[in-house]
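S.K.: Each residue of the sequence shown is one higher than the last, beginning at 1215 in this note's numbering. Heads up, the beta-carbon is just placed ideally off N, CA and C, and yes, glycines get one too.
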Amino acid sequence: MQSLSGKVAIVTGAARGTGAAIARLFVNEGARVVLGDVQHEAGAAVAKELGAAAAFMPHDVTRREDWERVVAGTLAAHRRVDVLVNNAAVLHMGTIERTPEDVLRRVLEVNTVGPYLGIRAVIAPMKQQGGGSIVNVGSIDSLLGMNGISAYASSKWGLRGLSKCAALELGRDGIRVNSVCPAGGSREMFGPWMKQLAGFLDETRAYSNNRAIPGEAPLELIAEAVAFFASDASRHCTGVDLPVDGGAHAGRFIPGFNTL
Ligand SMILES: NC(=O)c1ccc[n+]([C@@H]2O[C@H](COP(=O)([O-])OP(=O)(O)OC[C@H]3O[C@@H](n4cnc5c(N)ncnc54)[C@H](O)[C@@H]3O)[C@@H](O)[C@H]2O)c1
């Protein structure tokens, strides 16, 4: 049996990368999916490729009016909303000294305020239908600190805190809230900084290779973790952070120590 059969899901940031992979898996698992993104053409193309079970709606997660329109549109089309995946996010890399205030505010606005507005927007319909599942896509940077990434890490730790509070507030209404924390995702997100890091390629590679399981999390496996929390198989799980990180959060892997 398909794990998401009959479920209706909203997936934000679904025009590419992890969000598109989540939408694809959800459709394969029997869900009907409303894909949202600020990249309209790319989002519409992904929805078209996924067929009748998918539809694209323009959606800027920082705008309350957009949330109202997308949730109303989903209810008009499907009469329910079982799953919200808060996946849309932006990355900024830069030290605290070199991250301007407006950039910090923008990152927090998309990555933390956006999901907050999304949770608020689905609470009423989920309560009315007797429950639902909210999955927030965090990051390994929701769990650990790292230099050069303070704006993004602040936003993702904030999202993780929001997930815990929402889980506690909404559990009695049958609404579960969990986080998936990948070490890896779309290359496009990190792309703009690759040029600046050209002189540090070995160190950058070592970051993802010095893990129990070396390398970045494949998009399909991040999507599988999201699908687990979306499905009834996880119905006793809420407030969980699930790292999909090859063991990065387990501790330090020191090359050479395995030879001792
Ligand atoms: N890429 C990585 O290495 C990595 C690592 C860990 C966690 N993540 C997380 O995975 C999730 C998916 O990211 P990705 O790797 O697919 O990156 P991505 O940049 O390919 O995808 C992010 C999507 O969000 C959309 N988006 C940006 N601002 C938006 C807004 N205001 N409203 C609606 N949509 C908006 C973008 O257009 C894009 O399609 C994010 O939450 C990200 O923080 C990514």
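For residue 1340, count neighbouring C-beta atoms within 10 Å of its own C-beta (all shown protein chains included) and say buried if the count is 16 or more, exposed if not.
M.R.: Residue 1340 sits at position 126 when you count from the first residue of the sequence shown. With 16 or more other Cβ atoms within 10 Å, it is buried.
S.K.: Sorted by chain position, which residues of the same chain lie with C-beta nearer than 8 Å to residue 1187's C-beta, five sequence neighbours on each side aside?
M.R.: The question about residue 1187 has no answer here: the residues shown for the chain are numbered 1215 through 1474.
S.K.: Can you name the start and end residues of the alpha helix (DSSP H) that residue 1418 belongs to?
M.R.: For this step, residue 1418 is matched to residue 204 along the sequence shown. Where residue 1418 is concerned, the enclosing alpha helix (DSSP H) stretches over 1415-1423.
S.K.: Can you name, in chain order, every residue of its own chain whose Cβ lies under 6 Å from the Cβ of residue 1322, other than the five neighbours on each side?
M.R.: Looking up residue 1322 in the sequence shown gives position 108. Excluding sequence neighbours, residue 1322 sits near 1369.
S.K.: Could you check what DSSP says for residue 1432 in three-state terms: helix, strand or coil?
M.R.: Here residue 1432 corresponds to residue number 218 of the sequence shown, with the count starting at 1. Of the three classes helix, strand and coil, the one that applies to residue 1432 here is coil, per DSSP.
S.K.: For residue 1224, which of 1419, 1414, 1444, 1470 has the nearest alpha-carbon?
M.R.: Along the sequence shown, read from residue 1 onward, the residue named residue 1224 stands at position 10. Closest option to residue 1224, Cα to Cα, is 1444.
S.K.: Determine whether the beta carbon atoms of residue 1458 and residue 1436 lie at a separation below 7 Å.
M.R.: The count along the sequence shown starts at 1 and reaches residue 1458 at position 244. The count along the sequence shown starts at 1 and reaches residue 1436 at position 222. Going by C-beta atoms, residue 1458 is nearer than 7 Å to residue 1436.
S.K.: What first and last residue would you give for the beta strand (DSSP E) that runs through residue 1228?
M.R.: Here residue 1228 refers to the residue found at position 14 when the sequence shown is read from its first residue. That residue, residue 1228, is in no beta strand (DSSP E); it is neither H nor E in DSSP.
S.K.: Quick check on DSSP: helix, strand or coil for residue 1392?
M.R.: Here residue 1392 refers to the residue found at position 178 of the sequence shown. Residue 1392: strand per DSSP, three-state reduction.
S.K.: Exposed or buried, which one is residue 1473 when buried takes at least 16 other CB atoms within 10 Å?
M.R.: Start at 1 with the first residue of the sequence shown, and residue 1473 comes out as number 259. That one is exposed.
S.K.: Classify residue 1309 as buried or exposed, calling it buried when 16 or more other Cβ atoms lie within 10 Å of its own Cβ.
M.R.: In the sequence shown, residue 1309 corresponds to position 95, counting from 1. Exposed: under 16 other Cβ atoms inside 10 Å.
S.K.: Just to check, is the beta-carbon of residue 1438 closer than 6 Å to a non-hydrogen atom of ligand 1?
M.R.: Locating residue 1438 in the sequence shown gives position 224, where the first residue counts as 1. No, the Cβ of residue 1438 stays beyond 6 Å of every heavy atom of ligand 1.
S.K.: Which full runs of the beta strand (DSSP E) of 3+ residues lie inside the stretch 1319-1363, going along the chain?
M.R.: Runs of the beta strand (DSSP E) inside the stretch 1319-1363: 1346-1351.
S.K.: Can you say whether residue 1293 is buried or exposed, counting buried as having 16 or more other CB atoms within 10 angstroms of its CB?
M.R.: To locate residue 1293, count along the sequence shown from 1; it is residue 79. With fewer than 16 Cβ atoms within 10 Å of its Cβ, residue 1293 is classed as exposed.
S.K.: Classify residue 1411: buried if its beta carbon has 16 or more other beta carbons within 10 angstroms, exposed otherwise.
M.R.: Within the sequence shown, the letter at position 197 stands for residue 1411. That one is exposed.
S.K.: Pull up the CB-CB distance for residue 1297 and residue 1221, whole angstroms please, since I reckon it's below 8 Å.
M.R.: Locating residue 1297 in the sequence shown gives position 83, where the first residue counts as 1. Locating residue 1221 in the sequence shown gives position 7, where the first residue counts as 1. 6 Å between Cβ atoms; contact.
S.K.: Going by DSSP, what residue range makes up the beta strand (DSSP E) through residue 1246?
M.R.: Numbered from 1 along the sequence shown, position 32 holds the residue referred to as residue 1246. Residue 1246 -> beta strand (DSSP E) spans 1246-1251.
S.K.: What is the DSSP secondary structure of residue 1406, reduced to helix, strand or coil?
M.R.: Translated into positions along the sequence shown, residue 1406 becomes position 192. If DSSP states are grouped into helix, strand and coil, residue 1406 belongs with the helices.
S.K.: Out of 1455, 1399, 1362, 1389, which has the shortest C-alpha to C-alpha gap to residue 1371?
M.R.: As a first step, residue 1371 is located in the sequence shown; it is residue number 157 there, counting from the start. That would be 1455, whose Cα lies nearest to the Cα of residue 1371.
S.K.: Does any heavy atom of ligand 1 sit closer than 6 Å to the C-beta of residue 1301?
M.R.: For the purposes of this step, residue 1301 is identified with residue 87 of the sequence shown, where counting begins at 1. For ligand 1, at least one heavy atom lies less than 6 Å from the Cβ of residue 1301.
S.K.: Please look up how many angstroms separate the CB atoms of residue 1248 and residue 1241, rounded, as I've assumed it's under 8 Å.
M.R.: Taking the first residue of the sequence shown as 1, we reach residue 1248 at position 34. Taking the first residue of the sequence shown as 1, we reach residue 1241 at position 27. In fact, because the Cβ distance is near 11 Å, the residues do not count as touching under 8 Å.
S.K.: Quick one: what's residue 1455 bridged to in DSSP?
M.R.: Locating residue 1455 in the sequence shown gives position 241, counting from the first residue. Paired residues: 1393.
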